[in-house]
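Just below is one structure, and these are the notes that go with it.
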Amino acid sequence: MKLKNINYINFNNQKKTNKNKKLIKLLKLKDLISKYPMLKSFTQDYKYTFKKSLLKKYKNYSEYNLIGIGGSSLGSEAIYQFLNDKIKKKFYFFDNLEIKKNLKTQKKRLNIIISKSGNTLETISNLNIILTKQNKNQNLLITEKKKNILNILANKIKSDIIEHRNYIGGRYSVLSEVGMIPAELMGLKERKFKRLNYLIKKKSFINFLIKNVLSIHNNILNNKTNSVILNYDPRSENFLKWYQQLVGESLGKSGKGLFPIISKMPKDNHSLLQLYLDGPKNNFYTFFSAKDVKSFKYNKLFLVNELTNLKNKNIGEVLQAQKKATQIVFRKKKLAFRSIEILNRNEETLGELFSFFVLETLLLGILLKVNPLDQQSVELIKIETKKLLK
């Protein structure tokens, strides 16, 4: 299926099934939002918890710190990397518990602090470090409207507060206030990301989505539970990390789920490809690439006679040849794979990718009979950590 911005090619091991009708019934926008309210934020009808006029005073900054972890940060990181050519502002992401070097800056930055619960230990710790090292920064806080540590701290650090709606979980929050405020401050248009209304009306998209979901479910039933993304586009790496959290946290329940693995290509031809081709047959694959990968033409001065096949070629053509060669071998080896190629790099494309993978994950949750909205096992780590720090 080819859309304006993305070329999708379905799995090469599709099987007929009678579950199509069940999934088609669910794919009416009104019914989807009723079942999964956070999908409102993927539509152009979504009402934000802030007025856009509030952001005007923050758009004058040239540098920003985004302090958050998991779903509070991954979506913004994906946007910043994927659309970096369009962004003139500098964003620094504090998304893990580590003391980063080069915290000293002559410029006054805006701290964008994001935590749904307002009690995330790593976020509070990183904020403490930044407030200490960069004490002239202004602060903007996105959290739930309830008593929590960040709301208490907001008065002390004189921070504006924007509400994080309680029905939107972190990994589904990229097109809500959590991802769209940073996107606006990057100079992007939040409305252009909202593609669910458009996609849900396209029969070709719905048919492709359902076939993909059924193919993945069939792979799982056949003990192929590793979802390996073969990534040929460096600027999609953070987007795929977002996908990794989405799939891992949403579907990893009750002994079920997928193990999402990001493989950097063609680098991993020289480390993991042998395993993919001749190792355990418990993987299915997604070839992920972009048409606009920046290229460099080979200099003839440094090509010896044995390399005549590279004359008049560029790096992009070599990358494309390696991808096609890998697909040919995968077919011969009867390895299950699909292909997603980015044709245009813009807000609409990324919005479509966010929508596609969220819908795919939610439908897989239905077929696997797991709740894709919670992550109860993760809470166990938080409880034990709190005990140890007493």
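Residue numbers for the sequence shown follow the working numbering, beginning at 6 and rising by one. C-beta atoms are modelled at their ideal positions from N, C-alpha and C, and glycine is treated no differently. The structure displayed is predicted, hence computed values, not measured ones.
Using DSSP with H/G/I as helix, E/B as strand and the rest coil, what is residue i?
i	result
Gln380	coil
Lys95	strand
Phe55	coil
Ile118	strand
Glu346	strand
Ala295	strand
Gln49	coil
Glu168	strand
Lys396	Absent from the model: residue 396. The displayed extent of the chain is 6 to 395, so no value can be given.
Ile371	helix
Ile205	helix
Asn89	helix
Taking residue i as the reference, give the member of the options with the closest Cα.
i	options	result
Ala341	Leu71, Ser382, Tyr290 and Lys91	Tyr290
Thr54	Asn310, Asp379 and Ile173	Ile173
Ile167	Gln111, Gln325 and Lys57	Lys57
Leu60	Glu195, Leu364, Lys318 and Asn224	Glu195
Using a threshold of 7 angstroms, state whether the C-beta atoms of residue i and residue j are closer than that.
i	j	result
Pro239	Gln327	no
Tyr237	Ser294	yes
Lys113	Lys141	yes
Leu251	Arg176	yes
Ile118	Leu136	no
Glu68	Val218	no
Asn116	Asn160	no
Leu28	Leu37	no
Tyr13	Phe213	yes
With DSSP as the reference, identify every bridge partner of residue i, one or two as the case may be.
i	result
Val233	Ile266 and Tyr290
Glu195	Paired residue(s): none; Glu195 is not in a bridge.
Glu68	Lys95
Asn319	Lys302
Tyr13	Ile345
Leu145	Ile117 and Asp165
Any chance the region 182-192 sits against the region 73-86, with 3 or more Cβ pairs inside 8 angstroms? A contact exists between the region 182-192 and the region 73-86.
State whether the region 99-117 contacts the region 274-290, with contact taken as three or more CB pairs (one from each stretch) at a distance under 8 angstroms. No, they do not touch.
Does the region 227-234 touch the region 124-141, meaning 3 or more C-beta pairs lie closer than 8 angstroms? Contact between the region 124-141 and the region 227-234 is absent, because fewer than three Cβ pairs lie under 8 angstroms.
Should the region 204-215 be regarded as contacting the region 69-78, the criterion being three or more beta carbon pairs within less than 8 angstroms? Under the 8 angstroms Cβ criterion, the region 204-215 does not count as touching the region 69-78, having fewer than three qualifying pairs.
Measuring CB atoms only, is the region 82-102 touching the region 351-371, in the sense that at least three cross pairs come out at less than 8 angstroms? Here the region 82-102 lies against the region 351-371, with 3 or more beta-carbon pairs under 8 angstroms apart.
Taking contact to mean at least 3 C-beta pairs separated by less than 8 angstroms, is the region 148-157 in contact with the region 93-100? Fewer than three Cβ pairs drawn from the region 148-157 and the region 93-100 lie within less than 8 angstroms of each other, which leaves the two stretches out of contact.
Quick test of the definition: if touching needs 3 or more C-beta pairs under 8 angstroms, does the region 246-262 touch the region 367-384? Segments in contact, yes.
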